[in-house]
Each structure stands twice: as structure tokens, then as C-alpha cells.
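Q: Chains as they are written, first to last, in my numbering: chain H, 1 to 398; chain R, 1001 to 1450.
Okay, handing you the structure first.
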Amino acid sequence: MPVRLTGYGLLVVVPASLLLMPLTAGCTGSSRSGAATPGSGTDSRHLTVRATDAACTVTPDSAPSGSLRFTVTNASSSVTEFLLLDQDQLRIVGKVEDLGPGLARDLVVTAAPGAYFSVCKPGLAGVGIRAPFSVSDSGTSLAPAASNADLVNAATTSYAAYVERQTDQLMAGTAEFMAAYLAGRDDQARALYPKARTHWERIETLERFADLDARMDLPEAELAHGELWTGWHRLEKDLWPARARGYQRLSKTDRRLYAEDLAEATEQLQTRARTTRYTTAQIANATKELMEEAATAKVTGRAEYWSRTDLWDLQANLDGARAGYEALRPLVRRQDPNLAAAIDTKMAALQKLLDRQRKGDGFASYDSVSEDGLRQLSDAVNGLSEPLSQLTAASREG
Amino acid sequence: MRRRLAPAGQPPPTTADSAALLKPDRESGGTARAVSRRGLLGAGVGAASLGAAFAGGMGLGRSNTTSGTEAPPVPLQYPFYGEHQAGISTPAQDRLHFAAFDVTTSSKAELGALLKNWTSAAARLTQGLPAGVVGPTSGDYDAPPDDTGEAIGLPPAGLTLTFGFGPSLFEADRFGLESRRPASLQQLPHFPGDLLDPRRSGGDLCVQACSDDPQIAMHAVRNLARIGFGTVSLRWTQFGFGRTSSTASGQVTPRNLFGLKDGTANIKSDEPTYLNDHVWVKRTPDPAKAWLVGGSYLVARRINMNIETWDRQSLREQERVTGRSKAEGAPMSGGTEFSEPDFNLTGRSGEPLIADDSHVRLAHPDQNSGIRMLRRGYNFVDGNDPLGRLDAGLFFITFVTDPVTHFIPMQARLSQHDGLHKYLQHTASAVFAVPPGVAEGEFVGQALFA
């Protein structure tokens, strides 16, 4: 379940306190109609921005330091954006981008005391309409203002290397599996199947691979009418036809055909992984999506319908989520230490539960897990997913 | 394994196609028009205004008033007899109790007799009368009452009862109706992602009971089922709340369980041209199929929402896959709820503000050869699954002139490309032919069973 990343720019926003903004703690959030009128009440950290064709009115034009919320309304006739710049007008502290006329959206930033500039760009053109904005010292302690560039760089480098390593191992594992499958050594192929797939299940949610996902990992129920079914699960059904009624095993020729297609797709994946880097937002999204995958397809036993090897996948999803999170962790710890602590705890809890299902060098069949056991796994996945849903907001590049 | 998604940047297909949550968008710009309320409710409703409808609701202790209307509490009721069955273009009531039946008799005469009895009971129930002529507390002291009684003292709250015939009724060796079966009356094909429960799908007959009072809707279904014992057997039922579409221009667009405004661009009851083009079954030269002219097709889909997953998505993602703002329901290209989406308007990155895989783009009539649907869906929550997730979603109902042109293509497209689809799971499906309305003295389906 990839999230398309359109419009993640270079955001330099420190996440809002979760207490202040329980649900909208993103960089931007849509306006709520009937939201408290800013400036008029007790909340001096809630400001309004009215962006017209000719003006960019921020009310009031100053605020105490801390977590600030700007409700930006586009009252102009074209698409606009709003930016908060630092004193030198070089660094973007936060921005609302691509706001259609008539729409409103929130920008949440954590601002240290100092001088800033507000900017509206009607029509997204030119340098925009600029005005000074000041933040006074409220005494609220803020996250360190140090640049996150080094942490961002370390995160993207280590994660790209991780993905590359997984595709290499997937390639090797797939080759080994294919050799057994094509030679008709089905018992061996069945043993190799979940092992090889582990390397895919660790990175399956990366948007960059969405097209290959459909070719390599599509469950039968997702097929459109008359569409050819290819990929791992086609072979899975052929190796574990017990749940299929009146199933006709693939001929040797057909086996080769499907295997070759899968090998070719895997090769493409490997090539692509070698030249791709991922933004922290992409890593964060892929990470949380792995747990959503686990929740919707693995804990439910839907992913490996024929082989019942869902727990192998669940472990692989968790491995991948851990890798993504570990890459981002220094960044998250700097910006939201409480969130990092929550993820650490919940990740360990899920791992502990999964460890109980280990069998041999892998995992028990999905069907052998008790209803209670599944419920516990599901609860642990949900427990981890909840803090992970804040990961994107808490690992913005800075 | 992931749910299929269109690759980034892939332009949506331009061929006609299909349907689900948010539905085709309205052609005309501008805000909701003021309409004659008499027009809304149809002739025969008399002075019952929408305001009165809400006031009536208040009288029942619910809090769905939208304005401080001071209209006196006139009980809301709709005529049963008419050119079309009620419950289609009727302003959507708040609650639904839907029931599908299997016919257990093999006697065509017996089935005809049931339809006659159902018709007369429905005519009474919709007017606030007991199901039977004797009533819930009268009659032979040694016999059970001919009405079950839980509606005593309650007004009909806009009750409508709408009957339909499933494809299975027309199969060979059943009632000799093979030649009367319209070509479009077929079970729907498999769509990507379908996980249909046969025990909640299909059916020979259906009854859609809608009312602002759930007890009234349930009372109607219960009494009709009772009348049907021995002739039909209840196959599945579905309760729904919080209408998810508005079918009258005066109705505020409601929200579905994703928290999204749903049905902004629905066909409204005061849009006769749209109704004629997209809802009612058109005249046919084939006399064997003429029985359905002026009727419609009802397509029902039980669409589970992965609400726990949805709730963990950023507002950015929620608005992106919808293509509308969550607050106002305005298209991401700007304006207000009823503004026409501008699919070409792009942002800083050159990507359209209304994403290629957004629901609004894929479901819009402009992208579907001008196809529109009248939707009449409801939210549902049927407890929770064994993993502790709410078994919740949208019970989607649409009335279309022909499912082959007005439902299947769009659904095929949405199930493959819609960004919302990955948060959805279709778990039941049914199609029924809904015959036209009846005049006093006639019964529903008379042309087939008389």
C-alpha cells in the first residue's frame, strides 16, 4: 500500500507537540470549518494567513516562540503557496504548497525566538509577497536548532544500502528456489519459498517498486477480469494446491514461463534499487505501510493463502520496518524523543510475540496459530502502527 | 502483497466506466440551488416540507435538525402508489433496513399471491397503518395479531418500501420467466479485490426499507418477512444508518465513515433529465421485457472500510486519494463543494492538484462518458471481527438505467486505479431489477405474475 509522495519538498519543520495537535500534527492540515478564530481568543500561537492576489495578511504579525499554527486561506484566484522563511530569507522553516483557490490548510511549525519572513506566492510565481514576522521569547524550550542535514544524509545512505542488499539476496534466493521448482523438486521449492520472499517482504511497500509489485506479488483476488496472473503467488498455488478445488498443476513449460517472468521482474528490481535513493518521507511512509500490510494481509492470513506462510512475511515486514525506522531513528530522537521511545517499545513487544511462533528455522503455519495468538499479534501490530503513523511528520528533513 | 494501484503518473483511462464511494460529480457549477420543497417531495406529499421532516425527526428524539426550523411537526409520509416505486428518487431517509429473500416455493401462483400481499401491506405500512387490517392489538383473542406491534404510536417517518427481482428468479426451471429476463439482469463480474461472502450476496427478491426511524424500517421488513413465511426465506439483511448520499438539492451532503462528504454530485430528485437518462429503464421494442420500463436496476455492494488503517493516514494522503478537501469537500483544484473540479490545474511539481488516482477524478462523469448514478448508500457497523476491528463500511446502493453501462465499467476502473480502493474491501454484491410503480388495485410485478 504505497503512499504516493507528491509534493514533499524540503521541509524544515519540527513536529508539533502531539499534545497540542493530536491529529493534525503534519506540516499542513486542512482547515476545519468553524475552527477557533485565531488572534481573538486565548491562543496566541494560532495565526491566520489570508492570501489574496495582491496581499498576504498574517494576523497577528508576531507570536510567542513554540509550536505555531498558521491557518492559511487562499482568497486569491489562482493556486498559491505560503512560506515561513528565516531571518536571512534562505531557509524555509515551513510551507503550505499547492493550495487551490478557496481552500484552507494548516501549517504547523516550531519556531524559536527571532525574526522571520512570511511569503505568499499567488500563481506560484516570482519572489512573492513578503513581510516580516517576529517570534518573541516565551521561555518554552525548543528542540535543538542544529541542522539535521547530517542525520538525513546518514538515514538515506544507510537505507538505500539496505534496500540494495535485500534485492541482491532476493535475486540469489529466487534463483535457488527456481532451480528446485523447475527441476520438479517441489518439497525443496516449498522450503525455499518463504525464505526467498523474506527479502521482498522487507521492502515491498516502496512506491518506487509499485509496478513490479503488481507483477511479482499480486494475490489472485486482485486480478481484473481476464487479466493474466503472474508472480510468486501463481507459483505458490501450484506448489500448495490443497485449498484449490479442481486445480490443474502447471505443465513444465508453463512453470518455466512463469518462473522466467518472475526472474526478469526481480532483475529489474535489483537494477532499479542500485540507482535509487529515498527521501526521509519516503522511508517513513514505506516503513509505516509495512505495518499496514502486516495488519491487512498477514495477520489475516490473506497474503499467503495457499502456503500459509504468512508469519514469515509478518517477520519480514517487521524486519523492513525496523530497518527503515533505525535509519530514521537519530532524526526522530532529536525531534520527538517520546515518539522514538514509543516505537522502540512497541516494536520489541511485537517481536517478542512473533518469537513465540518460531518453528525450526522459520515460523509456524498460519493455521496452527490459535485465535488468541492471532488476536495478540493483531493487537501488537496495531499498537506499533499507531506511533508509526506519526513517523513521517517526525522525520522531516531539516 | 499489496492492493493494486496505478503506477504514479499514469493517466487515467478515458473510456466510460464506474462507481463507488464518492460518485460522479455534478456538471453544473455553483452552489446548491434552492428548490421548491413541494417539488422535492413529490406531488401528494402535500404540505410536508423538508423542515417538517426534520421537525418530525426531532419529535422522535433524534438530533438531526440542521436549522432552527419552527415548522410544526407534520408526520412525514410518502405516497406508495405512483409511476415509479418510492425509495429511489425520494429524498434519502436516515436509516435503511435492506432484506434479500430466496423464494422457496416452486409455484408461480403462490409467488404472485405473496407479491399481492406484500403490495397491500406495503401500501398500508408506508401510510403509517399496521401491516394487517386487524392491527397489532385487535382481533380474535385466540389468534396472533396481524401486525407485530413495535410501531404502535410511531409515525412512518418517511417510510418507503422498494421491491426488486434478482437474476436467479429468471433462471430456467423455476417460474418460466427465462424469456422475460432483460439481458442486463446478471450477477456482476468479479472485480479486483472482491472478497464476496455468498451468504450476504444475491437473492431472488429484495425489499429496501428506508425511514428516518430505524424501528419503523425494521418493523416493515419484519412484517413482510412474516407474511412471506412458507413462500420465501430470508437470505440476508443489512442495517444502515447515516445516509451517505443526498438525493435532494436541499439536503446537506452527509459524511461516510472515512469522514468524507459523500454524494456531492449525486443525481437529485429534482433533476428529471438526469433521472430519465440515467436512472429509469427506457422503452424497449421487446414486449417480453416491457415490464421493467419505467423501473430501474438496484446494485448493492457491501463495501468494508479498513477504517483503522485509514485513520492512520496523514491528512495529506486522505485528501490526495479523495481529490477533495476533507473540511468542505471542495475539489483540490479549489472553490467550494459544488465547484467543478479542474483536472488540468497543476501545482509546483507539475503534478495535477487533483491526483491521477484520486477518487474524484476517476468517478467524475467527464471521465466516464457522462455517466451518472443515483446513489442511496448507508453507513454500516456490524460489530467487529475476531481481530478487534470494526466490521464497518458503506452499504452502497445505486439505482441505474442499466448496470452494464452505468455500473460495471466504472467499478472495473475504480477497483484497479482508485487510490481509495486500497482502504476498501467489497464483501457482498447483489443486483435486482426494480419494476416500475403501481397504481391502486395493482401489485408489484403484476406484469410478470398476474
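Backbone N, C-alpha and C define an ideal beta-carbon position, used for all residues, glycine too.
Note that the structure is a prediction, hence the values are computed from the model and not measured.
Classify R:P1497 as helix, strand or coil using the three-state DSSP reduction.
A: Residue 1497 of chain R cannot be examined here, being either before or after the span of chain R that is shown, 1001 to 1450.
Q: Since H:N74 sits in a beta bridge, which residues does DSSP pair it with?
A: Position 74 of the first sequence, counted from the start, is the residue given in the question as residue 74 of chain H. Paired residue(s): H:A51.
Q: Kindly list, in the order they appear in chain H, the residues whose Cβ is closer than 7 Å to that of R:P1192.
A: Residue mapping note: residue 1192 of chain R aligns to position 192 of the second sequence, counting from 1. Residues of chain H passing the Cβ test: E222, L223, A224.
Q: What is the rounded straight-line gap between the Cα of H:D150 and the Cα of H:F133?
A: One-based indexing of the first sequence puts residue 150 of chain H at position 150. One-based indexing of the first sequence puts residue 133 of chain H at position 133. Their Cα atoms are separated by approximately 29 Å.
Q: With burial defined as no fewer than 16 other Cβ atoms inside 10 Å of the residue's Cβ, what is the status of H:Y366: buried or exposed?
A: One-based indexing of the first sequence puts residue 366 of chain H at position 366. Buried, since its Cβ has 16 or more Cβ neighbours within 10 Å.
Q: Under 6 Å Cβ to Cβ from R:F1443, same chain only, skipping five residues before and after it: list those, please.
A: Position 443 of the second sequence, counted from the first residue, corresponds to residue 1443 of chain R. Answer for R:F1443: L1115, K1116, T1119, listed in chain order.
Q: Smallest Cα separation from R:E1150: which of R:A1113, R:V1221, R:G1139, R:D1094?
A: Here the question's residue 1150 of chain R lines up with position 150 in the second sequence. Among R:A1113, R:V1221, R:G1139, R:D1094, the Cα nearest to that of R:E1150 belongs to R:V1221.
Q: What span of residues does the alpha helix (DSSP H) with H:K252 cover, start to end?
A: Taking the first sequence and counting its residues from 1, one reaches residue 252 of chain H at position 252. From DSSP, the alpha helix (DSSP H) with H:K252 extends over 252 to 274.
Q: Mind checking the region 92 to 113 of chain H against chain R and listing, in chain order, the residues whose C-beta falls within less than 9 Å of any C-beta there?
A: Flagged, chain order: E97, D98, L99, G100, P101, G102, L103, A104, R105, D106.
Q: Of the residues R:H1417, R:W1236, R:G1441, which one's Cα is nearest the Cα of R:P1192?
A: Walking along the second sequence from the start, residue 1192 of chain R turns up at place 192. Comparing Cα-Cα distances from R:P1192 to each of R:H1417, R:W1236, R:G1441, the minimum goes to R:H1417.
Q: My output table needs one value for R:G1193: the three-state DSSP class, helix, strand or coil.
A: Walking along the second sequence from the start, residue 1193 of chain R turns up at place 193. Looking at R:G1193 - three-state DSSP - the assignment turns out to be coil, as it is neither helix nor strand.
Q: Just to confirm my understanding: we take R:L1292, look at its own chain, exclude 5 residues before and 5 after, and list those with CB closer than 7 Å. What are they?
A: Numbered from its first residue, the second sequence carries residue 1292 of chain R at position 292. Taken in chain order, the residues that qualify are P1182, V1281, A1433, P1435.
Q: Which stretch, first to last residue, makes up the alpha helix (DSSP H) that contains H:G320?
A: Counting from 1 along the first sequence, the entry for residue 320 of chain H is found at position 320. Where H:G320 is concerned, the enclosing alpha helix (DSSP H) stretches over 310 to 335.
Q: To be precise: take each residue of the region 1376 to 1393 of chain R, compare its Cβ to all Cβ atoms of chain H, and keep it if any distance is under 9 Å. Which residues remain?
A: So the list reads D1385, P1386, L1387, G1388, R1389, given in the order they occur along the chain.
Q: Measure from the C-beta of R:L1195 to each C-beta in chain H and report whether the shortest distance is under 8 Å.
A: Position 195 of the second sequence, counting from 1, holds the residue named residue 1195 of chain R. It does: the Cβ of R:L1195 has a partner Cβ on chain H nearer than 8 Å.
Q: Look at the Cβ atom of H:W312, then the Cβ atom of H:G246, and state whether they are nearer than 8 Å.
A: Counted from its first residue, the first sequence places residue 312 of chain H at position 312. Counted from its first residue, the first sequence places residue 246 of chain H at position 246. Not closer than 8 Å, so no.
Q: For H:V425, report the span of its alpha helix (DSSP H) as first-last.
A: Because chain H spans 1 through 398 in this model, residue 425 of chain H falls outside it and cannot be assessed.
Q: Under 9 Å Cβ-Cβ, which residues of chain R neighbour H:E81?
A: Position 81 of the first sequence holds residue 81 of chain H. Within chain R, the residues near H:E81 are G1347, R1348.
Q: Leaving out five residues on either side along the sequence, give the residues of the same chain with a beta carbon under 6 Å from the beta carbon of R:G1441.
A: To locate residue 1441 of chain R, count along the second sequence from 1; it is residue 441. Within the same chain, R:G1441 has no close Cβ partners at all.
Q: Helix, strand or coil, according to DSSP, for R:T1105 in the structure here?
A: Mapped onto the second sequence, residue 1105 of chain R falls at position 105. DSSP places R:T1105 in coil when its eight states are reduced to three.
Q: Would you check if the region 324 to 336 of chain H and the region 282 to 299 of chain H touch, i.e. whether three or more CB-CB distances between them fall below 8 Å?
A: Yes, the region 282 to 299 of chain H is in contact with the region 324 to 336 of chain H.
Q: I want to see whether chain H comes within less than 8 Å of R:N1306, judged by CB atoms only; does it?
A: The sequence position of residue 1306 of chain R within the second sequence is 306, counting from 1. With 8 Å as the cut-off, R:N1306 counts as an interface residue toward chain H.
Q: Measure the alpha-carbon distance for H:D310 versus R:A1209 and round it to whole angstroms.
A: In the first sequence, residue 310 of chain H corresponds to position 310, counting from 1. In the second sequence, residue 1209 of chain R corresponds to position 209, counting from 1. Going by the C-alpha atoms only, they are around 42 Å apart.
Q: If you count every other CB in all the chains shown that lies within 10 Å of the CB of H:K95, and 16 or more means buried, which is it?
A: Taking the first sequence and counting its residues from 1, one reaches residue 95 of chain H at position 95. Buried, since its Cβ has 16 or more Cβ neighbours within 10 Å.
Q: Classify H:L228: buried if its beta carbon has 16 or more other beta carbons within 10 angstroms, exposed otherwise.
A: On the first sequence, residue 228 of chain H is found 228 positions in, with the first residue counted as 1. Label assigned to H:L228: exposed.
Q: Among H:Y159, H:D106, H:T80, which one has its Cα closest to the Cα of H:A284?
A: The residue labelled residue 284 of chain H in the question sits at position 284 within the first sequence. Selected option, being the one with the closest Cα: H:Y159.
Q: Quick one: residues in its chain with C-beta nearer than 8 Å to the C-beta of R:R1200, no 5 flanking neighbours on either side, listed in chain order?
A: Working through the second sequence from its first residue, we reach residue 1200 of chain R at position 200. Counting only Cβ-Cβ distances below 8 Å, and skipping sequence neighbours, we find W1236, Q1238, R1302, T1427, A1428.
Q: Count the other CB atoms, across all protein chains shown, that sit within 10 Å of the CB of R:T1137; report buried if there are 16 or more and exposed otherwise.
A: As a working note, residue 1137 of chain R is residue 137 in the second sequence. R:T1137 is exposed by the Cβ-count criterion.
Q: Could you check what DSSP says for H:E220 in three-state terms: helix, strand or coil?
A: Start at 1 with the first residue of the first sequence, and residue 220 of chain H comes out as number 220. Reduced to three states, the DSSP call for H:E220 is helix.
Q: Mapping the DSSP letters down to three states, classify R:A1433 as helix, strand or coil.
A: On the second sequence, residue 1433 of chain R is found 433 positions in, with the first residue counted as 1. Residue state, collapsed to three classes: strand.
Q: Are the Cβ atoms of H:L99 and H:N74 separated by less than 8 Å?
A: As a first step, residue 99 of chain H must be located in the first sequence, where it is residue number 99. As a first step, residue 74 of chain H must be located in the first sequence, where it is residue number 74. Yes, the Cβ-Cβ distance between H:L99 and H:N74 is below 8 Å.
Q: Is R:D1094 near R:R1255, with beta carbons less than 8 Å apart?
A: What you label residue 1094 of chain R is simply residue 94 of the second sequence in a count that begins at 1. What you label residue 1255 of chain R is simply residue 255 of the second sequence in a count that begins at 1. The answer is no: Cβ separation not under 8 Å.
Q: Along the region 347 to 368 of chain H, where does the CB come closer than 7 Å to a CB of chain R? Name the residues.
A: Cβ contacts with chain R: none found.
Q: Report the three-state DSSP secondary structure of H:A111 (helix, strand or coil).
A: Against the first sequence, residue 111 of chain H aligns to sequence position 111. Looking at H:A111 - three-state DSSP - the assignment turns out to be strand.
Q: Report all residues from its chain with a CB closer than 7 Å to the CB of R:F1170; omit the five preceding and five following residues, and keep chain order.
A: The count along the second sequence starts at 1 and reaches residue 1170 of chain R at position 170. Within the same chain, R:F1170 has close Cβ partners L1177, E1178, R1180, R1181, L1185.
Q: Give the DSSP-derived three-state secondary structure of H:Y278 in the structure shown.
A: Within the first sequence, numbered from 1, the residue matching residue 278 of chain H stands at position 278. Residue state, collapsed to three classes: coil.
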